[in-house]
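Numbering (our numbering), first residue to last: 6 to 369.
Even for Gly, the Cβ is constructed at its ideal location relative to N, Cα and C.
Here you go:
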């Protein structure tokens with residue numbers, strides 16, 4: 006009668022009265038046939054009230070005092086595991102969930118325990134190998150498919166990345182790639198490990214991973230990998246020849262006109278930095294023809310084109326290109342353009358024109 010009374014009190018929302026009634030029952034009648042159910046209800050009520058420290062002892066009593074004679078042991082272990090998770094103790098939770106399999110769990114109990122273990126090992130601890138080692142040690146749960154393992158190892162690393170734990174993500178993706186070099190998630194693993202390396206400023210390693218994505222061929226992340234590889238090679242590792250090749254790939258794979266234009270700007274700069282006059286001419290023409298080009302973009306394109314022609318002694322092509330620079334910008338390259346134009350005039354012995362040009366430059 007005490008047990009039923011406690012349940013009714015709970016249904017009426019009188020949780021404190023329910024707790025008092027249940028505690029009286031388990032204290033006064035520890036051998037009652039309702040004692041284990043009373044303990045479970047007591048722990049569950051504290052759990053619902055988020056008083057986890059008070060919820061733990063009743064559940065533990067079920068596990069320790071009623072082993073072999075209560076059907077609630079596994080339910081108590083599942084609750085203890087969940088409490089441990091809520092308290093930030095995943096390793097303690099793992100111990101509780103594993104104990105479920107020592108008590109002949111029902112199908113649903115086993116599923117709940119395995120789901121919880123997978124969540125902890127994969128998304129919290131980043132140790133999917135330990136999850137599978139345990140699963141394969143449990144009779145009736147072994148022989149996990151390669152496809153399932155592939156997905157789980159990748160998911161574990163991806164979870165670390167999504168939560169901003171980049172060093173752990175790097176470890177996870179590295180483990181995945183070692184185990185599944187040709188797996189279904191290999192391309193994404195390289196890409197997101199590259200993103201993780203970039204996040205921790207290990208740019209040389211990031212660039213190699215983006216290059217690995219490109220080597221695999223067309224994929225959803227290919228355009229972004231080409232962009233990332235280009236910008237790293239251009240601005241961080243300063244591998245300009247590589248930057249040009251990546252920029253070409255980016256241009257071809259770009260999904261939008263804006264992205265394609267940015268790839269062309271990068272290709273132009275890389276071509277200039279590698280003294281590739283043919284490519285400079287090609288991309289300067291593309292920039293000049295683009296409706297997206299700003300005055301500064303036009304000035305930059307014409308400066309690169311003019312400077313390359315100047316270096317080759319082709320003053321007939323260099324001068325008008327450099328002159329266009331002075332008409333489109335007031336930045337530092339304007340001064341450089343004036344300088345090279347004046348040099349051309351001096352070399353052509355046009356001293357009066359050179360002096361006039363210098364005077365104009367000083368007024369600009």
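Query raised in the report: When burial is assigned at 16 or more other CB atoms within 10 Å of the CB, is residue 146 buried or exposed?
Result: exposed
Query - First and last residue of the uninterrupted alpha helix (DSSP H) at residue 343 - result: 337-352
Query raised in the report: Got a sec, what are the start and stop residues for the alpha helix (DSSP H) residue 320 sits in?
Result: 320-333
Query raised in the report: alpha helix (DSSP H) containing residue 218: first to last residue?
Result: 208-220
**Report entry** For residue 259, the three-state DSSP class (helix, strand or coil)
**Finding:** coil
**Report entry** Nearest neighbour of residue 190, chosen from 39, 368, 287 and 218 [CA to CA]
**Finding:** 218
Query - Within 9 angstroms, strictly: CB atoms of residue 169 and residue 194 - result: no
Query raised in the report: For residue 244, does the three-state DSSP call read helix, strand or coil?
Result: coil
Query raised in the report: Hey, which unbroken runs of the alpha helix (DSSP H) at 4 residues or more fall wholly within the region 36-115?
Result: 40-53, 57-70, 78-91 and 95-104
Query raised in the report: If you compare alpha carbons, which of 114, 70 and 72 is closest to residue 84?
Result: 114
Report task. Could you tell me whether the Cβ atoms of residue 251 and residue 215 are closer together than 9 angstroms? Result -> yes
**Report entry** Own chain residues within Cβ distance below 7 angstroms of residue 183, not counting five before or after
**Finding:** none
Query raised in the report: Candidates 96, 35 and 54: which alpha carbon is nearest residue 71's?
Result: 35
**Report entry** Burial state of residue 297, where buried means 16 or more other Cβ atoms lie within 10 Å
**Finding:** exposed
Query raised in the report: Between residue 64 and the rest of its own chain, which residues show a CB-CB distance below 7 angstroms, the 5 nearest in sequence each way excluded?
Result: 48, 81, 84 and 85
**Report entry** Reference residue 282, options 45, 334, 156 and 322, closest by Cα
**Finding:** 322
Query raised in the report: Around the Cβ of residue 274, are there at least 16 other Cβ atoms within 10 angstroms (buried) or fewer (exposed)?
Result: buried
Query raised in the report: Roughly how many whole angstroms lie between the Cα atoms of residue 313 and residue 285?
Result: 8 angstroms
Query - Entirely enclosed alpha helix (DSSP H) segments - the region 159-204, minimum 4 residues - result: 171-184 and 191-204
Query - Spatially closest choice to residue 209 from 226, 228, 225 and 234, by CA coordinates - result: 234
Query raised in the report: Would a C-beta distance cut-off of 9 angstroms place residue 173 and residue 212 closer than the cut-off?
Result: no
Report task. State yes or no: is the C-beta of residue 288 within less than 9 angstroms of the C-beta of residue 269? Result -> yes
Requested in this report: Out of 103, 220 and 236, state which residue places its alpha-carbon closest to the alpha-carbon of residue 119.
Outcome: 103
Requested in this report: Provide the residue span of the alpha helix (DSSP H) that contains residue 307, from first to last.
Outcome: 300-316
Requested in this report: Classify residue 33 as helix, strand or coil using the three-state DSSP reduction.
Outcome: helix
**Report entry** Own chain partners of residue 67 with C-beta closer than 7 angstroms, once the 5 adjacent residues on each side are dropped
**Finding:** 41, 44, 45, 75, 77, 78 and 81
Requested in this report: Tell whether a beta-carbon distance below 9 angstroms holds between residue 329 and residue 311.
Outcome: yes
Query raised in the report: Should residue 2 be labelled buried (16 or more other beta-carbon atoms within 10 Å of its own) or exposed?
Result: There is no way to answer for residue 2, as the model of the chain reaches only from 6 to 369.
Query - C-alpha gap between residue 358 and residue 231, whole angstroms - result: 47 angstroms
Requested in this report: Spatial neighbours of residue 265 within its chain, please: CB distance less than 6 angstroms, with the 5 preceding and 5 following residues excluded, ordered by chain position.
Outcome: 256 and 259
Query raised in the report: When we look at the beta-carbon of residue 56 and count the other beta-carbons within 10 Å, is it buried (16 or more) or exposed?
Result: exposed
Query raised in the report: Are residue 92 and residue 131 touching if we call contact CB-CB under 9 angstroms?
Result: no
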